[in-house]
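Under the numbering used here, the first residue of the sequence shown is numbered 3, with each subsequent residue one higher.
Virtual Cβ for every residue (Gly too), placed ideally from N, Cα, C.
The structure appears right after this line, and notes come after that.
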Amino acid sequence: MKPIFTKTAGLTERPFHYCPGCTHGIIHRLIAEVLEELNLIEKSIGIAPVGCAGFCETYFACDMIGAAHGRAVAVATGAKRGRPDRVVFTYQGDGDGASIGLAETISAAARGEKITSIFVNNAIYGMTGGQMAPTSLIGQKTATSPYGREAATMGFPLDLPKVLTQVKGAAYVASVSVDTPQAIQKAKKAIKKAFQVQLDGLGYSFVSILSTCPTNWGVNPVEALEWLQTKMKPYFALGELKIPATEGGGEA
Numbered sequence: 003m004k005p006i007f008t009k010t011a012g013l014t015e016r017p018f019h020y021c022p023g024c025t026h027g028i029i030h031r032l033i034a035e036v037l038e039e040l041n042l043i044e045k046s047i048g049i050a051p052v053g054c055a056g057f058c059e060t061y062f063a064c065d066m067i068g069a070a071h072g073r074a075v076a077v078a079t080g081a082k083r084g085r086p087d088r089v090v091f092t093y094q095g096d097g098d099g100a101s102i103g104l105a106e107t108i109s110a111a112a113r114g115e116k117i118t119s120i121f122v123n124n125a126i127y128g129m130t131g132g133q134m135a136p137t138s139l140i141g142q143k144t145a146t147s148p149y150g151r152e153a154a155t156m157g158f159p160l161d162l163p164k165v166l167t168q169v170k171g172a173a174y175v176a177s178v179s180v181d182t183p184q185a186i187q188k189a190k191k192a193i194k195k196a197f198q199v200q201l202d203g204l205g206y207s208f209v210s211i212l213s214t215c216p217t218n219w220g221v222n223p224v225e226a227l228e229w230l231q232t233k234m235k236p237y238f239a240l241g242e243l244k245i246p247a248t249e250g251g252g253e254a
């Protein structure tokens, strides 16, 4: 019988440990499939931060480096400059990439570093207690905004991909989701294109992926998908927001 579904070689044999309904596992598989399809497993270096995203270093089958909180993009910059023959990517949560690591992210984009960042946006700090993140929505209740985020005292949610479209060194910026089969297919295409932009030496590539966190949102997996669809999708811009100039691109 012809197999219709197999495990990708881009992942190790270690079972995922994530909470029920968390979509980190889906995103891991998409990245691993892209690495396999582009024949990059033995040619890639992944940078893992702290938090839930940091566990990826035990799941991807390529070389991995652990970075301090917020410093994944800085470490990736060093790895790529030291080994320009390697494909280098970061896998970061929204707190890591948009809060303590915001300067690193924007600076790398401004320099046009030839690396790829995968940015998992679940609108909350997942591992450290469910605190408000830069991406937490107005009215969203978290451990540090128990009555809901309000703009007057806590500021507005940061849509980082839209910010990066204004940075000249960012060659490719996309924002996708993994809440439906169709969305998952689009997410994989964006990830694959981001890696191809790096292979072509065009500059910094960045893919934001809307993700769920049922545990810290205080909902079940089905409700988490519904919350992502009704609350997050209307706020965060989706699609290919910036494509390489070689494709006649710019801000979309």
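_Lys194 vs Leu212 beta-carbon contact at 8 Å_ = no
*Measure the Cβ-Cβ separation of Ala192 and Ala172 and say whether it is below 8 Å.*
no
*Any idea what DSSP makes of Asn123, helix, strand or coil?*
strand
*asked:* Between Thr8, Phe7, Ala11, Arg31, which has its C-alpha nearest Phe18's C-alpha?
replied: Taking only the C-alpha atoms, the option nearest Phe18 is Arg31.
*Pair within 8 Å by beta-carbon distance, Leu160 and Ala76*: At a Cβ-Cβ threshold of 8 Å, Leu160 and Ala76 do not count as neighbours.
*If you follow the alpha helix (DSSP H) that Phe197 is part of, which residue opens it and which one closes it?*
183–201
*Please classify Pro163: is it buried, with 16 or more other beta-carbons within 10 angstroms of its beta-carbon, or exposed?*
buried
*Inter-residue spacing [alpha-carbon to alpha-carbon] between Glu253 and Gly72*: With a pLDDT of 49 at Glu253, under the threshold of 50, the predicted position of this residue should be treated as unreliable, though the coordinate-derived value follows. Glu253 and Gly72: Cα-Cα distance of roughly 26 Å.
*Go through the region 100–149 residue by residue and report every complete run of the beta strand (DSSP E) that reaches 3 residues or more, in order.*
118–123
*asked:* Please report the distance separating the alpha-carbon of Thr146 from that of Gln231.
replied: Using only the alpha carbons, I get a separation of about 24 Å.
*Those runs of the beta strand (DSSP E) which lie wholly inside the region 50–102 and span at least 3 residues*: Here the runs fully enclosed are 65–68, 89–95.
*Please classify Gly97: is it buried, with 16 or more other beta-carbons within 10 angstroms of its beta-carbon, or exposed?*
buried
*Just mark Asn222 as buried or exposed, buried being the case when its beta carbon has 16 or more other beta carbons within 10 Å.*
exposed
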